[in-house]
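Engineer: Protein chains in written order, with my numbering: chain A, 1 to 316; chain B, 1001 to 1352.
The C-beta atom is built at its ideal place from N, Cα and C for all residues, glycine as well.
Values in this document were obtained by computation on a predicted structure and should not be read as measured data.
After the structure tokens below, expect a handful of questions from me.
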């Protein structure tokens, strides 16, 4: 127990926690979107995230940035950042759509049980992890340093590092964009309709298959963005990267009330902060335990999460 | 072809119901005898190149079968999605490891303690959390499984991440000697317990608790209206499932001689759940078949070495797509609508 560290480095930890929370929040949006529409936990979502990190690696490889290179500057840096981000988002989104196609579509049409679908998704998840394990020879991969990581300002002992600022700001923009998409566009309306009542939505002429594909695509885009931000900050990935982040992000989604977009955001940030604080106090080994205990306590008091569940409520 | 296999379970049940007593006894004796004789049937069709067949029979096959039967009480019979089942297995194994190395108690004295502790942790976890709905229960149990593992990793008093070594073997029974070199006695021990558990589950399923679980799985609220104490029934399902895993854990630890926390990770829970769903949720013979297949296949195809888990994952997806109700599905008498294409929400194994 080390409360002195928490007191001395409070703002530093808060800032780090927000950056981690932004990544959690982006991943948990994917869980919550899919849950809203299908009422299912997408067990393969952590692998969608993992594919995004490899997508970023692939993108920098295409541009020709090497591990031993000096950090890029100016236009080339901005271009590389954006290019890697777009490729990561696209690869995750395509992976998510394929996951839906392989693991969910047929089972949904046959009216299979939730558990059967869950196992099917677990099968896809196992296959993807194994595929990447074999492709990478079980070794972690390093990500080249695209941008020079400098401290922008220092506030109350907290050094604000530029890459984390980018992560928090960009993640915020993505979330706003997703929120606008869900609440303003026609397809977003379709997603809300299906999550409210699938049968009635069909009767109103909503193309359910398309809505589900779009939902997975949108969730995949967010996971891909999270993957790029993750690899930008931590600069390495491996085939098993999805597992722990996936569990944390899913916890975040449940914490905020699964199926509820803003709840997922809030849950992501709360969990990121909580994990950073508790690992300062109890050591990193115990952070998962503390997160789960808090989750259980929240669920006991409010069994549907902090904000209740439902994508439709997210508009308010 | 698909039509034929689809009715396999019902055909089997029909045959069983029509059979006179002598035929039932004969069939049971043949089946049980076959199971006990399995370690000697080392023929090329079922042997496992790359790993010792007799060891494979004990772990993973026998162990998975036992655990899948236990988890089936929780997930299949009462419809509670438990993703942290490995925790109870770990508690049983750690009880055996700690008491076996620190005290003079032997296997038979530790077994009830291990089972008792697993059941106690089932009560402690189940009482507050079982009022949560399906998906929330899933994440909480998943968390519990991880917490038990993390606790074991970070507590140096029980060996930390290095685990515990030098766990004693059970004392000899008649001529069967329990040694590290010979997995056969362990297999027979495990098989005996598994048969006892199957007998217990079948008795329970046909009586009041089993009917209460059925009712809860189909509709929690209606079950409550019918006067079932749903809370107590759920906790009992949880605790019985935990007890089975506890038995498995104690036996496992006494065979493997040393345990480390990372053996008890989330993948074990998920694999056991896959066994239950793969074979046919709720139907004990389906569950057994699923566990045998899922435990045996990766060992059988060990010659593929690198991609064998990949093949396993793909097989899981393909199987679920072809037969979403498992290989041997449960009897469908609960449904009024016989045409499958029009049944949207079957209610079978549905987690509400």
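Mind checking residue 274 of chain A: buried by the 16 CB within 10 Å criterion, or exposed?
Structural biologist: Burial call: buried.
Engineer: Give the residues of chain B in contact with residue 13 of chain A, contact being defined as C-beta atoms less than 7 Å apart.
Structural biologist: Near residue 13 of chain A there are no residues of chain B at all, since even the closest Cβ is about 21 Å away, more than 7 Å.
Engineer: Given a limit of 9 Å on CB to CB distance, which residues of the stretch 1277-1304 of chain B reach chain A?
Structural biologist: Within the stretch 1277-1304 of chain B, the residues whose Cβ lies closer than 9 Å to some Cβ of chain A are 1277, 1278, 1281, listed in chain order.
Engineer: Taking residue 303 of chain A as the query, report the chain B residues whose CB atoms sit under 9 Å from its CB, ordered along the chain.
Structural biologist: In chain order: 1131, 1132, 1133, 1136.
Engineer: Name the residue from B:1218, B:1319, B:1196, B:1249 whose alpha carbon lies nearest to the alpha carbon of residue 1064 of chain B.
Structural biologist: For the residues B:1218, B:1319, B:1196, B:1249, the minimum Cα distance to residue 1064 of chain B belongs to B:1249.
Engineer: Would you say residue 244 of chain A lies against chain B (beta-carbon separation less than 7 Å)?
Structural biologist: Closer than 7 Å: no.
Engineer: Report yes or no: do three or more beta-carbon pairs, one from the stretch 64-81 of chain A and one from the stretch 1285-1295 of chain B, lie closer than 8 Å?
Structural biologist: With the cut-off at 8 Å, the stretch 64-81 of chain A and the stretch 1285-1295 of chain B do not touch.
Engineer: Skipping 5 residues on each side, what residues in its chain have a beta carbon closer than 8 Å to that of residue 141 of chain A?
Structural biologist: 54, 57, 236, 237, 238.
Engineer: Is residue 271 of chain A closer than 7 Å to residue 24 of chain A when the C-beta atoms are compared?
Structural biologist: Yes, these two residues count as a Cβ contact at 7 Å.
Engineer: Would you kindly work out how many angstroms separate the C-alpha atoms of residue 1164 of chain B and residue 1233 of chain B, rounded to a whole number?
Structural biologist: Spanning the two alpha carbons is a distance of roughly 36 Å.
Engineer: Going along chain B, which residues have a C-beta under 8 Å from residue 250 of chain A?
Structural biologist: Result: 1139.
Engineer: Between the Cα of residue 1278 of chain B and the Cα atoms of B:1204, B:1058, B:1076, which residue gives the shortest distance?
Structural biologist: Nearest C-alpha to residue 1278 of chain B: B:1076.
Engineer: Under a CB-based cut-off of 7 Å, is residue 1414 of chain B close to chain A?
Structural biologist: Only positions 1001 to 1352 of chain B appear in the structure, and residue 1414 of chain B is not among them; the question remains open.
Engineer: Identify the residues that DSSP records as bridge partners of residue 237 of chain A: which are they?
Structural biologist: Paired residues: A:141.
Engineer: Scan the stretch 1014-1027 of chain B for residues whose Cβ lies nearer than 8 Å to a Cβ of chain A and list them as they occur along the chain.
Structural biologist: Those would be none; no residue qualifies.
Engineer: Going along chain A in order, which residues have a C-beta closer than 7 Å to the C-beta of residue 1086 of chain B?
Structural biologist: Per Cβ cutoff of 7 Å: no residues; residue 1086 of chain B is ~14 Å from chain A at best.
Engineer: List, in chain order, every chain A residue whose beta-carbon is nearer than 7 Å to that of residue 1154 of chain B.
Structural biologist: Simply 285, 286.
Engineer: Can you confirm whether residue 1099 of chain B, when its beta carbon is compared against all beta carbons of chain A, has any partner nearer than 7 Å?
Structural biologist: Judged by the 7 Å Cβ criterion, residue 1099 of chain B is not in contact with chain A.
Engineer: Using Cβ-Cβ distances below 8 Å, what residues of the stretch 230-241 of chain A are close to chain B?
Structural biologist: For the stretch 230-241 of chain A, which is checked against every Cβ of chain B, not one residue is closer than 8 Å.
Engineer: Quick one: does residue 120 of chain A have its CB under 7 Å from some CB of chain B?
Structural biologist: Answer yes: the Cβ-Cβ gap between residue 120 of chain A and chain B drops below 7 Å somewhere.
Engineer: Who are the Cβ neighbours of residue 1114 of chain B in its own chain at under 7 Å, not counting the five residues just before and after it?
Structural biologist: Answer for residue 1114 of chain B: 1092, 1095, 1096, 1246, 1249, 1250, listed in chain order.
Engineer: Which same chain residues, not among the five before or five after residue 99 of chain A, have their C-beta less than 6 Å away from its C-beta?
Structural biologist: The answer, listed in chain order, is 44, 124.
Engineer: Strictly below 8 Å CB to CB, what residues from chain A border residue 1317 of chain B?
Structural biologist: Under the 8 Å cutoff, chain A gives 102, 103, 120, 123, 124, 127.
Engineer: State the Cα-Cα distance for the pair residue 5 of chain A and residue 11 of chain A, rounded to the nearest angstrom.
Structural biologist: Using only the alpha carbons, I get a separation of about 11 Å.
Engineer: Is it buried or exposed for residue 1252 of chain B, if we count other Cβ within 10 angstroms and need 16 for buried?
Structural biologist: Result: buried.
Engineer: Just to confirm the assignment, what range does the beta strand (DSSP E) spanning residue 155 of chain A have?
Structural biologist: From DSSP, the beta strand (DSSP E) with residue 155 of chain A extends over 151-155.
Engineer: Determine the DSSP secondary structure at residue 987 of chain B, reduced to helix, strand or coil.
Structural biologist: Absent from the model: residue 987 of chain B. The displayed extent of chain B is 1001 to 1352, so no value can be given.
Engineer: Of all the alpha helix (DSSP H) runs that stay within the bounds of the stretch 244-285 of chain A, which reach a length of 4 or more residues?
Structural biologist: Segments of the alpha helix (DSSP H) lying fully in the stretch 244-285 of chain A: 261-282.
Engineer: Using DSSP with H/G/I as helix, E/B as strand and the rest coil, what is residue 112 of chain A?
Structural biologist: Residue 112 of chain A: coil per DSSP, three-state reduction.
Engineer: What number of angstroms, rounded off, separates the C-alpha of residue 1315 of chain B from the C-alpha of residue 1258 of chain B?
Structural biologist: Between residue 1315 of chain B and residue 1258 of chain B, the C-alpha separation is close to 32 Å.
Engineer: Work out the CA separation of residue 1139 of chain B and residue 287 of chain A for me, nearest whole Å.
Structural biologist: If I take the Cα positions, the gap works out to 16 Å.
Engineer: Do the CB positions of residue 1283 of chain B and residue 1328 of chain B come within less than 7 Å of each other?
Structural biologist: Cβ distance < 7 Å, so residue 1283 of chain B and residue 1328 of chain B count as in contact.
Engineer: Going by DSSP, name the residue or residues bridged to residue 158 of chain A.
Structural biologist: DSSP output for residue 158 of chain A lists A:155 as bridge partner(s).
Engineer: Which residues in chain A sit within 7 Å of residue 1321 of chain B, going by Cβ to Cβ distance?
Structural biologist: Chain A residues near residue 1321 of chain B: 106, 107, 120.
Engineer: Could you pull out every residue in the same chain whose Cβ sits closer than 7 Å to the Cβ of residue 1274 of chain B, ignoring the five residues on either side in sequence?
Structural biologist: Excluding sequence neighbours, residue 1274 of chain B sits near 1294, 1316.
Engineer: Count the other C-beta atoms from every protein chain shown that fall within 10 angstroms of the C-beta of residue 1155 of chain B, then say buried if there are 16 or more, exposed otherwise.
Structural biologist: Counting Cβ neighbours within 10 Å, residue 1155 of chain B comes out exposed, since fewer than 16 surround it.
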